[in-house]
Structure formats: C-alpha cells, structure tokens
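Trainee: Got a structure here, written out as structure tokens. Questions coming.
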Amino acid sequence: MAYWLMKSEPDVYGIDDLAAEPDQTDHWDGVRNYQVRNMMRDRMQPGDLAFFYHSNTKVPGIAGIMEIVSTGYPDHTAWDPESNYYDPKSDPDNPRWYMVDVRFQRRLERLIPLSELKAEPALSEMALVKKGNRLSVMPVREAEWTAILEMEHADGRG
DNA sequence: GCCAACGTTGGC
DNA sequence: GCCAACGTTGGC
Numbered sequence: 006m007a008y009w010l011m012k013s014e015p016d017v018y019g020i021d022d023l024a025a026e027p028d029q030t031d032h033w034d035g036v037r038n039y040q041v042r043n044m045m046r047d048r049m050q051p052g053d054l055a056f057f058y059h060s061n062t063k064v065p066g067i068a069g070i071m072e073i074v075s076t077g078y079p080d081h082t083a084w085d086p087e088s089n090y091y092d093p094k095s096d097p098d099n100p101r102w103y104m105v106d107v108r109f110q111r112r113l114e115r116l117i118p119l120s121e122l123k124a125e126p127a128l129s130e131m132a133l134v135k136k137g138n139r140l141s142v143m144p145v146r147e148a149e150w151t152a153i154l155e156m157e158h159a160d161g162r163g
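Structure representation (structure tokens):
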C-alpha cells in the first residue's frame, strides 16, 4: 500500500467535482508527462491513498483524500480529437499515456495550504515543496502522510 | 546526441 | 498577469 499526492486545478477539476461524480469515482486522465505516466502505469495499485492537491489557484494546498481503485490502463482521451488531451502520436496498439481510477474518500477539515506544508520540517524532502518541481503526481512517504494528517487539526500557525 | 527554441506548469 | 523552471521537440 502506497501513498501519493495528485495535483489538479480546482477551476478545471477540483475535489468537489470528484465528490459529485456517480459513485464518487472518476478516471484521472490527461497526464502527459512520462515520469507521471510511469508511476500510474507501473506503481499505482488499488487500495493506495492519495492527497487531492489544488494547484494554480488563490490558495494552493491539499484539499482532501481519495483512493486509487484501479491499476493503470490506457488513457483513451489521447485518441479523441475532440479532447483537450488529444495526442495523435499515441498509438492504440502501443498506448503512450495511462490513467488510473480514483474514488473520493473525504475532504480535509480544512485546506492545508502550500505555505504551511513548506514550513513543516517533516516535509522538507517532499518534491512538492522544492523549487521548480513540476510533477503533477508524486509519491508520499508514510511519515509525510502522517505528518500532513496531523496538520489537519493544527491551527495553521504552527 | 547535442542543445536552442518553444510550450507548459504553477507559485506568487 | 508575470515569469522562473522545467520537459519536449526538432534541426543539425
């Protein structure tokens, strides 16, 4: 069982959108980065848990928790010319892009802002808080997962 | 195989 | 809206 953090822009698709889906389940499509593709295709397993991170918004931060409910499988939006994620170079016989299914678990009691995550010493090794990091999906160590959950009930000022 | 140009991410 | 940092592309 592994832990992850997955970013999405809430103006495009936020945790409220996932919670509103039938079965509160959706596929995490549109990943077009090879490092992230490899994680989804090779490492994610049903039962893994992931933080839902809101990026590119007024207060970026961790908004909730979801469960991975499938292994990686080909991202069909790459073959849909109508899709924003269309990639004519992805061959159906040799899919270039993969996705997983995720199920809403819960919102955090408060959004934990990136500014607090950056200030937490236990998280200093996370790619999330490092300058220039652009991965939209990243592994989270168990100790980091626990530290973040403890922050959920803190007052936000240390 | 190098690397400059380009497009994108995402915090601020 | 700006722009630094990064990944990808494609000419050579």
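Heads up: the first sequence begins at 6 in the numbering used here, then just goes up one per residue. All C-beta atoms in this analysis are idealised placements derived from N, C-alpha and C, irrespective of residue type, glycine included. Keep in mind the model is a prediction, meaning the values are calculated, not measured.
For the alpha helix (DSSP H) that Pro118 lies in, which residues bound it at each end?
Mentor: Element bounds for Pro118: not the alpha helix (DSSP H) but the beta strand (DSSP E), 106-118.
Trainee: Extract the residue ranges of the beta strand (DSSP E) inside the region 120-154, only unbroken runs of 3 or more that lie entirely within it.
Mentor: Those beta strand (DSSP E) runs which fall completely within the region 120-154 and span 3+ residues are 142-145.
Trainee: Quick check on Ala68: buried or exposed, where buried means 16 or more other Cβ atoms within 10 Å of its Cβ?
Mentor: Answer is buried; the Cβ neighbour count reaches 16.
Trainee: What span of residues does the beta strand (DSSP E) with Ala3 cover, start to end?
Mentor: Summary: the structure shown does not reach residue 3, with the chain confined to residues 6 through 163, and so no result is reported for it.
Trainee: Does DSSP put Asp172 in a helix, in a strand, or in coil?
Mentor: Nothing can be reported for residue 172: it is not among the residues displayed for the chain, which extend from 6 to 163.
Trainee: Is Trp9 helix, strand or coil by DSSP?
Mentor: Note: Trp9 maps to strand in three-state DSSP.
Trainee: Is it right to say Arg139 is buried, meaning 16 or more other beta carbons lie within 10 angstroms of its own, or is it exposed?
Mentor: That one is exposed.
Trainee: Among Glu147, Met44, Ala25, Glu157, whose alpha-carbon lies nearest the alpha-carbon of Trp102?
Mentor: Out of Glu147, Met44, Ala25, Glu157, Met44 has the C-alpha closest to the C-alpha of Trp102.
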